[in-house]
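Residue numbers (my numbering), protein chains in the order written: chain Z, 56 to 333; chain E, 53 to 158.
Please read the structure below before turning to the comments.
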């Protein structure tokens with residue numbers, strides 16, 4: 056599907072090249088006017104396709120010829136001084152969504168959920184803070200069997216990427232998000248599968264190797280997570296061209312990432328992180 | 053009242069609109085009626101709408117059931133009817149005042 060042309064019934068009956076030209080023409084209009092004009096042009100072309108198919112090229116040529124005049128007629132009222140194309144916003148939103156899902160979800164499940172579900176603060180208090188509770192021993196039940204270790208590694212590394220933050224979190228979000236977003240456009244399943252496995256594996260290895268080689272001393276106190284969280288929440292709240300479920304997921308991830316930041320700056324959060332890191 | 057420069061296509065659209073100023077029409081329909089090249093009417097409609105001469109509304113349909121996007125219907129406003137009549141009258145005066153040379157344009 057050509058970028059920007061919706062696969063809704065609104066474009067049924069039009070050839071791809073016509074959809075592409077309409078999209079191109081719409082790109083040259085002020086942002087707020089695009090959908091309206093896309094509907095006008097698409098509807099007219101669909102009508103022409105039924106009664107006079109040969110007139111469609113003439114129609115598009117006329118639309119292209121009068122585009123400067125249309126822009127001028129729309130005037131400054133509908134043109135904002137700085138326009139971020141909805142395509143750019145959507146792409147950034149998708150990269151954040153795809154990139155943040157693994158680390159933020161891993162952190163949520165691996166750190167606060169386990170901390171609270173297994174009553175770690177209570178257990179530590181009851182033991183007089185003398186018995187450390189190994190995080191590895193509390194999921195999914197007391198003592199993780201060896202056959203689950205491989206599964207266990209995925210959320211564990213994701214949680215570590217968040218806790219260490221900085222370059223680790225940025226790399227995870229950036230690389231996974233970008234690669235996955237790009238691959239979703241590919242048609243061949245083999246490309247998707249290969250890159251979907253290879254890219255996260257490369258990131259996991261890079262994170263693990265860097266973490267070990269630096270002695271786990273790099274930490275940014277959640278600032279990168281906080282910034283990413285605010286960006287995701289703002290994009291989720293304001294990008295109306297995204298589907299509702301995508302926006303909701305962005306908002307949830309944004310709140311999750313902001314919670315990471317808060318956990319670094321509250322006593323309860325620091326206790327939880329200390330338990331996880333110890 | 054906003055003053056718009058009147059070109060021949062604009063005059064043709066106003067004439068088409070004034071033929072039945074209570075009727076709502078969509079762009080392609082108006083273009084056919086005005087005898088304009090298809091695809092060229094929207095700058096004119098938007099200019100009239102921005103000037104307050106036209107109002108527009110989206111058709112109230114289920115796009116999935118109909119299998120097509122909503123049409124936008126245009127109708128002259130009360131201001132637009134007055135302005136359109138005045139503009140057509142001025143255009144007619146200009147045409148009448150133009151000296152007839154009897155020569156072809158080329």
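From the three backbone atoms N, C-alpha and C, an ideal C-beta is built for every residue, glycine too.
For residue 135(E), no CB of chain Z lies under 8 Å from its own CB, so it is not counted at the interface with that chain. Contact check for residue 284(Z) against residue 316(Z) passes: the beta carbons are separated by less than 8 Å.
Under the DSSP definition of a beta bridge, residue 127(E) partners with 107(E). Closest option to residue 106(E), judged by alpha-carbon separation, among 90(E), 91(E) and 77(E): 77(E). Between residue 216(Z) and residue 158(Z), the beta carbon gap of about 5 Å places them in contact (Cβ cut-off 8 Å). It is roughly 50 Å from the alpha-carbon of residue 293(Z) to the alpha-carbon of residue 144(E). By the Cβ neighbour-count rule, residue 205(Z) is exposed, with fewer than 16 other Cβ atoms within 10 Å of its own. Spatial neighbours of residue 76(Z) in its own chain (CB-CB distance under 6 Å, excluding positions within 5 residues in sequence) are listed in chain order as 115.
Residue 75(E) carries a coil assignment under DSSP once its states are collapsed to helix, strand and coil. Residues of the region 108-131 of chain Z whose Cβ lies closer than 9 Å to any Cβ of chain E, in chain order: 110, 111, 113, 114, 115, 116, 117, 118, 119, 120, 121, 122, 123, 124, 125, 126, 127, 128, 129 and 130. For residue 83(E) and residue 70(Z), the gap between their C-alpha atoms comes out near 23 Å. In this structure, DSSP gives residue 81(E) a helical state, which the three-state scheme calls helix.
Rounded to whole angstroms, residue 168(Z) and residue 94(E) show a C-alpha spacing of 57 Å.
Here residue 110(Z) has 103 as same chain residues with Cβ atoms under 7 Å from its own Cβ, once five neighbours each way along the sequence are excluded. One thing to note: residue 288(Z) has its Cβ no nearer than 8 Å to the Cβ of residue 155(Z). As the crow flies, the alpha-carbon of residue 79(E) is around 8 Å from that of residue 95(Z).
Proximity of chain Z to residue 99(E) at the Cβ level (cut-off 7 Å) is accounted for by 128, in chain order. Taking a Cβ-Cβ cut-off of 8 Å, the neighbours of residue 92(Z) in chain E comprise 94, given in sequence order. Per DSSP, the continuous alpha helix (DSSP H) segment holding residue 96(Z) begins and ends at 89-106. For residue 98(E), the enclosing alpha helix (DSSP H) begins and ends at 94-102. Residues 220 and 221 of the same chain have their beta carbon placed closer than 7 Å to that of residue 275(Z), with the five preceding and five following residues left out of the count.
Per DSSP, residue 76(Z) is one residue of the alpha helix (DSSP H) stretching across 71-82.
Around residue 102(E), the beta-carbon contacts reaching into chain Z at under 8 Å are 128, 129, 130 and 132.
A direct Cα-Cα distance of roughly 11 Å separates residue 133(E) from residue 71(E). Around the beta-carbon of residue 165(Z), 16 or more other beta-carbon atoms lie within 10 Å, marking it buried.
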